[in-house]
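Have a look at the structure below, then the notes.
Residue numbers (my numbering), protein chains in the order written: chain A, 293 to 823; chain B, 13 to 685; chain C, 300 to 399; chain D, 1084 to 1572.
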């Protein structure tokens, strides 16, 4: 497996499948659906080795692939995977498979283009998780927007155009500033080591004066904060979720939101540790406000999808809080919450999609007393709701508890205020659940609802298994993510001290003070997994 | 000991839940009932076996620890799923499984005609699993799993008849209030983790003395937070509001969850972490005061309630108040002893009330009962025993535990608490016998011909409390969809309801003898010696002279008798006394009837403001401010775009002008520099 | 001998008149004439500089400019004639179909 | 340093002058062939121009490595000339393919059209290859005159005529400024040869000599007009909208590239030192250009007019590179010009196919629902729009990356880089509006007829391939652009 360019295959297989689907005859709905499902299934099975072949302990990135892309710029086609990106990639392939199976009946018109775009989106996401070259990362980061934009724009609800354009512009506005930061980082690297390169590992060793780090960190953080989304920059999420088709919002919630936090973890924090130390409290408090604000606003939403969207803002606030706590519990908690949120919110959107398909309305008021009419659906809804609320024994609890523990260790007040999020999440979820599932059957149309078909149960079965597996025995997940997270933590702290000292002795000119550095960096190709 | 010892106990009900879920519909009612009760019975058997092996060991190593697997390990912090049996948890596990089993048997009768019979036992078994995990947990986190698990099950069971809006509201209220408590408990546990690095009881209690400064602010805050969790779970001020509403659920649920087991979880947690609480005297004071206040407050409200289950609910809150102020004064042993005895007679009272309601075709208002003694002899007898027990008349169980608490309160100098306890005892005796008299004695205030007992106003009860309070949960008879409809005369409940009643009645009598202590036999009571390895002798060994012991006992018996006498006079011989009292204290009566308007108060200061705040946050902040700015930028740009397009007039002259101006501007720029 | 500065001043004046002519006049033909004026002003400047530097480059450049101006006239008038045929007017302030 | 003109005329000079000769002969031949009878809708004009472009491209490619000075230093053959000649030939080729059927459909006389096309490309090559202000002026005028006529080619339509008039009057007006500037420069430095001016300026600071300053300013104004920089850009929207679509396509790519080529030639060779202290002024102009272009384009209903404003905006981005100055800045500008030309021509090639018979359907509303009716066309147009917007997998992103990469090196230009990226976000809005119309809106009324033409499809496929290839593998073009600027004679 190692000599086979596995990661590239993982990234480009869905793209090829997408093209194949796109050229199938438009009206052949059945074969299109089957082909898309088989492609997604093959991709998922093909990505399973990420689970056992990525040796948690081994330092650096595995399955590295390096090809020269634009030598004059020093940009390389450089892919690699470690504990963190491996798990997120698995989440991606799993969610795409679930979304595609879930979307069989929900897409009537133009299913060919729909499935092609979903597969293309998967390729974009996997690319973003695997690449270790900043330019390649930026290319995948932006390229990924196009399929999502079209998915929302073409198959969305009434205000789909507004939501799609808003989604695109919001993310684009953030990431162009990141591009400027990447370019200036590239220029500093060229100045410092003489060799132009976009290689992440080279940047990890690039000494940056803390004063210079700040604006670059803010540029990166701004781009990722929009994607997370963090508190003031989140207004694109409810619109995008409400208008996106079910499969679209499942993937949007389960994976796209993780791009932001993954970006923090992989790029923003290790590259600019001193600036991080300065900004961490502010970002943490923004995250906490996000938690409480998201929960409060979710409480009064009349539309189910908007409620779940705001709950995502709240959950992602936990993830960022975990990162800002800067200790192993906080990191592990935020990574777990990323995975949990992917599973439980993805399931929630599928659930909303199921009844939307049948009733074509998402208003909570239009439902009531579903338990009597569709019990199986209601039981699944109960379990997923409990996992989203973070009941111990389900996956939600592990993530939230670790984040709160990490935050507590950093500062008690963080944990106290964030923990109120736990109460509020119970409030809005239970209130929604009660109005939708419990109570007498108020609307006549609800009586005619048909319970979950076999396909739909097939979709929810793995999600329920995951909810309980990650809740009861999360250790396999934790073992895989911890080495990678500890390395990031370690690197961030080491660089912070190194830069602080470098700044202190900033009298000597930059180049001469670190003579050994250029040699170490000059030959990035052979070193492969060098730290 | 090839058979697994501890983890099998919670595993059995879980297995029953799984089997019920998978093959439930094929088993039919009989099968489900057998599966559910069998599982709990087996669990009880295993529990007894485990306790016996425990008892067999010598004093020091009276502890069985079984680790199943490591739940999760992150950095230096790790939690494993492990179970601990020591004298304290032995008592609890016996009570939970024993009383649980009886209630399961009882439920097979009570819920016989309910269409979703299977779902009821599924939830009940799930609850047993969660409660047993809580009780047998070896660390705070596993206890928290059980803690929230029972919260979930109470939510499901209260809202069991989900068509009823009030039921689901009550369930939601219970879960959220519990969640607020759990918030406190979680933060308290986090303090422990942050300082001791572990959640395991062993390690925490071992390292606590030298990590925390006794009486220091950290330990006080931690213990206060944990106590907040306990108030949530065991319905103390301020988080008790959910328990009275929880009566919406089926009566066996009230018996099991809201009398015997779940509500005692808070007390168990406090007693389990007595090492920590003893290091924080301030917290102990708070617990004592809160306990006493709750006891008194709940008792006063109980005086005027007309719904049989609500009276019992407030009585539970009141008795829990006793247990907490027992812990508050340092008498953790007495607290646990009262937990045990209370479980017996309170479960019996609830089940009795259940069989009364069952007999009366779901009539819960005492004003429409009366004279049932002859019609339901067994229920009458067992209820009488339980009422006497709770009133605290020797030799019944209630007397011994309540007296020991009052004695300990007196001995440790908490005279205020002691006085409150006495006053509470009087009221308890009064309202319990008021219930007894209104239900079983006097004339039948319902027509024999069956159908629903229409409310012909009985003179004694015509007093001014007709104003149904806002929540309408004291409605004459709740019209949940499942009432039995079968008319017919009031008759005794079937065997599977009366047998558990009688067993509990026996326990209510002999249950207390376990705790007979000093004045009668020398040295600690059996219960005291049994708990000694866990609770340790500790600072709270105060000796009262034998004479004062007897004096106290006499005093408590006297006030109990006085309460009973007053109840009989007011409600049996001269109803006029009751009506007279109501006129004079009309205001007070209304305050009590409406539970001091606490619910309305909470709504006013918490629920509604949060709702308004989030509505404003969403409408104003999210849509106007944040989205406003975002769209604002868009509109601004479009405005500028329209402006710029005006310049594009289409006339060649204008364009030439701009070229000339451009050239001019360049000149000026360079001439200046 | 006339100093070069005077000639340059004249060419500058001519150039300015040409520019103002383009800006102010409404008739396309007159505008076109003003542009020709600007070109001739440039020619004058070229000749002046050529004389000043005693090199023939400037003179040669003037020939090129004149030929280009001629070509320009041909094309320009063709367009204006076509405009007149279509719109019966040569006033530029009446031509603003394309705007915004 | 007096350059003595080489007496000999080597064999390779023929090849060096190949494109110029071929184009001239081609144009004249086309006009002569008019005398021969021709089948009704024969495409003789197209074939001749196709062959001419192919031959020119081959000719210049043959002697790509050489460096020759011809016509006494007035015309120089060096890597820059090669690069731009190849670019202009490919632009001309694509324009020919694009207008192959469009011309027939809109009843434009083929012979004159292609003759003018060839002469216009000839003008561009002369501009790009000139080493003397006179040749620059000649090339500029030759190109402009040909374009003035092409713009007004649809004599019967008012817009076309109005556009021609505006383009002619303002073009002549601007070249008047240019000429006066050249005169002043000649006066100040005594020569019109770029290399000699450069040498002259090397030792005399600009500020001491007002005439020199005025001259270079006016020259910059002349080129500013051609390139549609900010204050001189107002002709572009009207002319682009009025002109026939194929002419607009050709003009937007060719004229802009030629203008920048001449600007870079003059800037690098002659006014090098001057340019250094014009950085901030250039940056301000760049900012004005891109902002005016992007913001005004936001709500345009007409696609041609929107693409006109977009071309103004792109001129702004290129000016950022010019502001960065030096060979690196120039190579970034050259690279951007190449990618920009292909994207733009591709977009216009699609537009030429919209509408049946003599009508041009280029309103945004005409595009509604087209994406799904004609998947290929929709995909191509979306790809071009995304590339123009600078979205990564496309060549447009690489162009912007290169420009902003160079500009970031100069701290004082950081503000214009940030303005540039924010501008590209604004530009994304109106480029996305095209995709919104294509895919997200149902057509009102009867959908737009598409007049398919094989050559136009070939043009679209070629440009699409170029856009994707340079987006994914920018290395080749990058090196070419660098060599073209470094090897300046």
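Using N, Cα and C, we set each Cβ at its ideal position, and we do this for glycine too. As the structure is a prediction and not an experimental result, all values here were calculated from the model.
Closest residue to residue i among the options (Cα-Cα distance)
{"i": "residue 1547(D)", "options": "1471(D), 1282(D), 1517(D), 1171(D)", "result": "1471(D)"}
{"i": "residue 272(B)", "options": "400(B), 198(B), 114(B), 310(B)", "result": "114(B)"}
{"i": "residue 661(B)", "options": "1320(D), 1530(D), 1333(D), 1482(D)", "result": "1320(D)"}
{"i": "residue 269(A)", "options": "456(A), 566(A), 513(A), 581(A)", "result": "Chain A is shown only over 293 to 823; residue 269(A) falls outside these bounds and no answer can be derived."}
{"i": "residue 367(B)", "options": "108(B), 352(B), 262(B), 280(B)", "result": "262(B)"}
{"i": "residue 1183(D)", "options": "1249(D), 1174(D), 1197(D)", "result": "1197(D)"}
{"i": "residue 1532(D)", "options": "1473(D), 1456(D), 1499(D)", "result": "1456(D)"}
{"i": "residue 175(B)", "options": "470(A), 343(A), 732(A)", "result": "732(A)"}
{"i": "residue 377(A)", "options": "796(A), 364(A), 365(A), 356(A)", "result": "356(A)"}
{"i": "residue 412(B)", "options": "236(B), 603(B), 537(B)", "result": "537(B)"}
{"i": "residue 440(B)", "options": "316(B), 529(B), 53(B), 223(B)", "result": "316(B)"}
Listed by chain order, chain B residues near residue i by CB distance under 7 Å
{"i": "residue 730(A)", "result": "171, 174, 180"}
{"i": "residue 399(C)", "result": "657, 660"}
Where residue i falls, given that 16 or more other Cβ within 10 Å makes a residue buried
{"i": "residue 305(C)", "result": "exposed"}
{"i": "residue 1293(D)", "result": "exposed"}
{"i": "residue 746(A)", "result": "exposed"}
{"i": "residue 1286(D)", "result": "exposed"}
{"i": "residue 498(B)", "result": "Legend: pLDDT at residue 498(B) = 44, less than 50; position of this residue unreliable, no value from coordinates given."}
{"i": "residue 507(B)", "result": "exposed"}
{"i": "residue 386(B)", "result": "exposed"}
Counterpart residues of residue i in DSSP-defined beta bridges
{"i": "residue 684(A)", "result": "686(A)"}
{"i": "residue 362(B)", "result": "None; residue 362(B) has no bridge partner."}
{"i": "residue 1533(D)", "result": "1437(D)"}
{"i": "residue 1512(D)", "result": "For residue 1512(D), which the question treats as bridged, DSSP gives no partner whatsoever."}
Within chain D, the residues that residue i reaches when beta carbons sit closer than 7 Å
{"i": "residue 657(B)", "result": "1379"}
{"i": "residue 434(A)", "result": "1474, 1475"}
Within chain C, partners of residue i - CB distance below 8 Å
{"i": "residue 1200(D)", "result": "The contacting residues do not exist; residue 1200(D) stays about 16 Å from chain C at best."}
{"i": "residue 1546(D)", "result": "Correct list: empty, because the minimum Cβ distance to chain C is about 27 Å."}
Under 7 Å from the C-beta of residue i: neighbouring residues of chain E
{"i": "residue 206(B)", "result": "Absence of chain E from the displayed structure is noted, the protein chains being A, B, C and D."}
Contacts of residue i in chain D (Cβ-Cβ under 8 Å)
{"i": "residue 334(C)", "result": "1252, 1255, 1256, 1259"}
9 Å Cβ cut-off: residues of chain D touching residue i
{"i": "residue 381(C)", "result": "1235, 1238, 1244, 1247, 1248"}
Residue i CB to nearest heavy atom of the ligand ZN below 7 Å
{"i": "residue 33(B)", "result": "Looking for the ligand ZN in the displayed structure turns up nothing, as the structure carries no ligands at all."}
Cross-chain neighbours of residue i in chain B, by beta carbon under 8 Å
{"i": "residue 1356(D)", "result": "Near residue 1356(D) there are no residues of chain B at all, since even the closest Cβ is about 15 Å away, more than 8 Å."}
Partner residues on chain A for residue i, Cβ-Cβ distance less than 7 Å
{"i": "residue 84(B)", "result": "690, 766, 767, 770"}
Quiz prompt | Segment contact, 8 Å Cβ cut-off, at least three pairs: the segment 273–287 of chain B with the segment 307–325 of chain B | solution = Below 8 Å, too few C-beta pairs join the segment 273–287 of chain B and the segment 307–325 of chain B to call them touching: fewer than three.
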